[in-house]
Amino acid sequence: MLGLLGYMGDDTEDVSPEFLEEEPPELSKLPFSCKVCGFGTALLCQESEQEAIKAIAESMHEHEFPNCEGELRF
């Protein structure tokens, strides 16, 4: 069946260089917690994504604990 599709083996050398990543992106842990309600965890993210991840964490906190008056500390 593979012969019918024209596949004759490993074709990794035919991958366009724009689709090859030289190194995987560096991920770091971004821990956060709320001292009032105890909500917290650590999320993995790239350094360039930290501000967006902080906004997501704050949204998660508000959703899970809508009456909490505490703030997340990163």
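Residue numbers (my numbering): 3 to 76.
All residues carry an ideal CB built from backbone N, CA and C; glycine is no exception.
DSSP on residue i, reduced to helix/strand/coil?
i, result
"K56", "helix"
Which whole-angstrom value describes the C-beta separation of residue i and residue j, a residue pair presumed to lie in contact below a C-beta threshold of 8 Å?
i, j, result
"L29", "L46", "5 Å"
Just to confirm my understanding: we take residue i, look at its own chain, exclude 5 residues before and 5 after, and list those with CB closer than 8 Å. What are they?
i, result
"E71", "V38"
"I55", "L32, L45 and C47"
"E20", "none"
"C36", "G42, H63, F67, C70, G72, E73, L74 and R75"
Considering only their Cβ atoms, is the gap separating residue j from residue i smaller than 9 Å?
i, j, result
"F34", "A57", "no"
"Q48", "P27", "yes"
"M62", "F76", "no"
Near residue i, what residues of its chain come up, given a Cβ to Cβ distance below 7 Å and the 5 sequence neighbours on each side ignored?
i, result
"E52", "According to the sequence as given, residue 52 is Gln; it is not Glu. Closer than 7 Å at the Cβ level, and outside the excluded window around Q52, lie L32."
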